[in-house]
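Step one of this worksheet: look at the structure below.
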Amino acid sequence: MFTAQNYVMASSLEEAYTFNQKKANAILGGGCFLRLSKKRIHTLIDLSALSLDKIEEFDEEFRIGAMVTLRDVETNDALRASFGDGFYEMVRHIVGVQFRNCATIGGSLAARFGFSDILTFLLALDCEVELAHAGRMPLCEYAAMKPDRDVLACLYVKKNGRRAVYQTVRQTKTDIPVLACAVSVLNGEYRAVVGARPARAMAVSFDPADPDWISKTVNAFSFGSNMRASEEYRRHLAVVLLTRAYNAIREE
Amino acid sequence: MVVTITVNGTKYTDDISPDLPLLDYVRSKGCLSVKRGCETSNCGLCTVHLDGKPVLSCSVLAVRANGRQVTTLEGLEEEARAFGAFLADEGGEQCGFCSPGFIMNVLAMAHELDDPTDEEIREYLAGNLCRCTGYQSQLRAIRKYLTSKKEG
Ligand SMILES: Cc1cc2nc3c(=O)[nH]c(=O)nc-3n(C[C@H](O)[C@H](O)[C@H](O)COP(=O)(O)OP(=O)(O)OC[C@H]3O[C@@H](n4cnc5c(N)ncnc54)[C@H](O)[C@@H]3O)c2cc1C
Ligand code: FES
Ligand code: FES
């Protein structure tokens, strides 16, 4: 568990950003991951007073505030109407309902975990993030950056008709994934995303008309070994999961 | 930092440290049913209801409960006893460490889900890791409890 001396309820994003420039300070999302650290935090920065706990639907996109919980996106009817089971599949294996009532979208994206189910699925959709300082940028750009000291305000998910299917393999039900894969399609253009390689999720496009599409796609990713699985096993799983996801999307 | 937190219907105002987990706060108010079973936000033993929703009190900071309602097993004695009887009948009761968090999550589920399927029940309770006395006996107890609630 970390220690913290002070606590501020930020009254604006700028204020949160200013506080967050000090390395000794930290933004408090759900605190679920932060609590695993032994950091000595000077000031905890709370974004709870900034109305960032809402999921809003507009004509062309959804806006999901940084303080929206994983459980909120899992059970939201409007997201379900636009993306089917996608958001539910993205988070349903993450620890448990009590945990998902705490952990936030902001903390999940800002930490850019290599094992992230969330980053993997969202990279299959067309998303942007809005940061206090850097403004709006594509999620794929944000995901590739090193963790920085900007404040993530919200996530935008385009309602452009892109369909996505998510697949994961875990050693036990609520463990982090051994491999996470997603396939999506918009106007016949396909995208494959692979995360928990164990490195961070990345997206590539592919053409299923090419008879070698699966080997070419899998070869576009690097894989590694760790305590959960070997590189070879992950590579094998990637073939299986991407093929399954592709077949599921074709059948939809 | 000065906070006002309602625990099981009683309002408390205290000056607390910002890094105090909600778990330790409610225990300091005598809610000793709330247990810490892990250091990794994984076991579910510390489950309490925050404004009616089940959360991990080991991971939520007490400052986050400022102005809100916290309910522990001590505040739901009647419901807990009713469900506990079904658990005992099916041989599904757990140890004193695991029972409170498990029961709190079952009661939250009973409030949140209408007519859950077995798969939905299993998924809702996946965050309570220990099932020493058996998955089947607990599932039977939950089904019978939900049916009895529905029949009033
Ligand atoms: C036991 C455990 C198991 C997990 N299993 C999985 C899994 O299977 N799959 C998966 O995808 N994820 C998993 N996770 C990660 C989890 O889903 C969350 O992503 C994680 O807890 C971070 O969310 P949080 O709200 O708790 O953030 P916090 O812990 O509060 O914060 C995480 C980091 O992000 C910073 N931060 C928070 N909010 C912002 C913001 N708005 N802007 C900038 N920086 C911010 C914090 O300062 C901190 O450094 C797991 C986590 C734990 C602890
Ligand atoms: S004590 Fe284990 S999840 Fe809270
Ligand atoms: S350790 Fe408590 S019932 Fe399993």
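Protein sequence lines correspond, in order, to chains A and B. Take 1030 as the starting number for the first sequence in the numbering used here and just add one per residue. Take 284 as the starting number for the second sequence in the numbering used here and just add one per residue. Quick reminder that beta carbons are idealized off the backbone N, C-alpha and C, glycines included. In this text the structure is predicted, and so the values were computed from the model without any measurement.
Heavy atom of ligand 1 within 8 angstroms of residue i beta-carbon
{"i": "F1144(A)", "result": "yes"}
{"i": "P1176(A)", "result": "yes"}
{"i": "A1078(A)", "result": "no"}
{"i": "H332(B)", "result": "no"}
{"i": "V1124(A)", "result": "yes"}
{"i": "G1060(A)", "result": "yes"}
{"i": "F1116(A)", "result": "no"}
{"i": "I1056(A)", "result": "yes"}
{"i": "A1221(A)", "result": "no"}
{"i": "R423(B)", "result": "no"}
{"i": "A1132(A)", "result": "yes"}
{"i": "I1205(A)", "result": "yes"}
{"i": "I1147(A)", "result": "yes"}
{"i": "L1270(A)", "result": "no"}
{"i": "S1040(A)", "result": "no"}
{"i": "V1180(A)", "result": "yes"}
{"i": "R1226(A)", "result": "no"}
{"i": "N291(B)", "result": "no"}
{"i": "N1035(A)", "result": "no"}
{"i": "E411(B)", "result": "Here residue 411(B) is Asn; the residue named in the question, Glu, does not match the sequence. Outside the cutoff, so no."}
{"i": "R1092(A)", "result": "no"}
{"i": "N1049(A)", "result": "yes"}
Option in the options with minimal Cα separation from residue i
{"i": "S300(B)", "options": "I1123(A), F1031(A), L1099(A)", "result": "F1031(A)"}
{"i": "E1261(A)", "options": "R1226(A), L1073(A), Y1195(A), V1097(A)", "result": "R1226(A)"}
{"i": "V331(B)", "options": "L359(B), T323(B), N349(B)", "result": "L359(B)"}
{"i": "E1280(A)", "options": "V1214(A), P1240(A), E1103(A), A1267(A)", "result": "V1214(A)"}
{"i": "F1062(A)", "options": "E1159(A), V1124(A), R1192(A), T1246(A)", "result": "V1124(A)"}
{"i": "V442(B)", "options": "C329(B), V389(B), L303(B), D334(B)", "result": "As shown, chain B starts at 284 and ends at 435. That puts residue 442(B) outside it, with no answer to give."}
{"i": "A1095(A)", "options": "L1168(A), C1210(A), G1135(A)", "result": "G1135(A)"}
{"i": "C1169(A)", "options": "D1155(A), A1161(A), R1264(A)", "result": "D1155(A)"}
{"i": "S420(B)", "options": "M284(B), L306(B), R405(B)", "result": "R405(B)"}
{"i": "S1041(A)", "options": "E1157(A), R1264(A), L1181(A)", "result": "L1181(A)"}
{"i": "K1188(A)", "options": "E1157(A), M1166(A), R1064(A)", "result": "E1157(A)"}
{"i": "R1178(A)", "options": "M1231(A), K1051(A), D1114(A)", "result": "K1051(A)"}
{"i": "A1193(A)", "options": "L1108(A), S1251(A), A1140(A), L1073(A)", "result": "L1108(A)"}
{"i": "S1077(A)", "options": "E1090(A), Y1036(A), F1091(A), E1089(A)", "result": "Y1036(A)"}
{"i": "T323(B)", "options": "A424(B), V343(B), M392(B)", "result": "V343(B)"}
{"i": "K336(B)", "options": "D398(B), K433(B), H394(B)", "result": "H394(B)"}
{"i": "K1067(A)", "options": "L1148(A), F1142(A), A1033(A)", "result": "A1033(A)"}
{"i": "V1120(A)", "options": "R1257(A), K1202(A), N1255(A)", "result": "K1202(A)"}
{"i": "R1264(A)", "options": "M1256(A), M1166(A), P1167(A), S1251(A)", "result": "S1251(A)"}
C-beta contact flag for residue i and residue j at 9 angstroms
{"i": "H1071(A)", "j": "A1053(A)", "result": "yes"}
{"i": "A1153(A)", "j": "V1222(A)", "result": "yes"}
{"i": "G374(B)", "j": "T400(B)", "result": "no"}
{"i": "G327(B)", "j": "Q1127(A)", "result": "yes"}
{"i": "Y1195(A)", "j": "E1118(A)", "result": "yes"}
{"i": "G1224(A)", "j": "D1146(A)", "result": "yes"}
{"i": "D297(B)", "j": "V309(B)", "result": "no"}
{"i": "T1133(A)", "j": "V1097(A)", "result": "yes"}
{"i": "L1151(A)", "j": "V1186(A)", "result": "yes"}
{"i": "M284(B)", "j": "V338(B)", "result": "no"}
{"i": "G1060(A)", "j": "C1131(A)", "result": "yes"}
{"i": "C314(B)", "j": "E376(B)", "result": "no"}
{"i": "A1249(A)", "j": "L1208(A)", "result": "no"}
{"i": "A1161(A)", "j": "E1043(A)", "result": "yes"}
{"i": "L412(B)", "j": "N325(B)", "result": "yes"}
{"i": "A1274(A)", "j": "V1198(A)", "result": "no"}
{"i": "C1183(A)", "j": "L1081(A)", "result": "yes"}
{"i": "L1148(A)", "j": "A1277(A)", "result": "no"}
{"i": "L429(B)", "j": "D398(B)", "result": "yes"}
{"i": "Y1171(A)", "j": "R1129(A)", "result": "no"}
Residue i Cβ short of 8 angstroms to ligand 2 heavy atom set
{"i": "T323(B)", "result": "yes"}
{"i": "S342(B)", "result": "yes"}
{"i": "R319(B)", "result": "yes"}
{"i": "G327(B)", "result": "yes"}
{"i": "L396(B)", "result": "no"}
{"i": "L306(B)", "result": "yes"}
{"i": "L339(B)", "result": "yes"}
Residues that residue i contacts on chain C, provided the C-beta gap is smaller than 8 angstroms
{"i": "G375(B)", "result": "The structure shown contains no chain C; the protein chains it does contain are A and B."}
Residue i beta carbon near ligand 5 (any heavy atom closer than 8 angstroms)
{"i": "V1214(A)", "result": "Absence of ligand 5 is noted for the structure shown, with ligand 1, ligand 2 and ligand 3 being the only ligands found."}
Next on the checklist: Tell me which residues of the stretch 338-364 of chain B have at least one Cβ-Cβ distance to chain A shorter than 8 angstroms, keeping chain order.
Outcome noted: V338, L339, C341, S342, V343, L344, V346, R347
Checklist entry - Along the stretch 1116-1141 of chain A, what residues have a CB closer than 7 angstroms to any CB found in chain B? => result R1121, V1124, G1125, V1126, Q1127, F1128, N1130, C1131
Checklist entry - Near ligand 3, which residues have their beta-carbon less than 6 angstroms from any of its heavy atoms, given in chain order? => result Q377(B), C378(B), F380(B), C381(B), C413(B), C415(B)
Checklist entry - For the stretch 1207-1238 of chain A, which residues have a beta carbon sitting closer than 7 angstroms to at least one beta carbon of chain B? => result none
Next on the checklist: Taking beta-carbon pairs under 7 angstroms, can you tell me which members of the stretch 395-410 of chain B lie near chain A?
Outcome noted: E406, Y407, A409, G410
Checklist entry - Which residues, taken in chain order from the stretch 290-305 of chain B, show a beta carbon closer than 9 angstroms to some beta carbon of chain A? => result S300, P301, D302, P304
Next on the checklist: Residues of the stretch 1039-1054 of chain A in Cβ contact with chain B at a cutoff of 7 angstroms, in chain order, please.
Outcome noted: none
Item to check | Contacting positions in the stretch 307-337 of chain B - beta carbon closer than 7 angstroms to chain A | outcome: T323, S324, N325, G327, T330, K336, P337
Checklist entry - Quick one, which residues of the stretch 1241-1259 of chain A are near chain B if we go by CB-CB under 9 angstroms, in chain order? => result none
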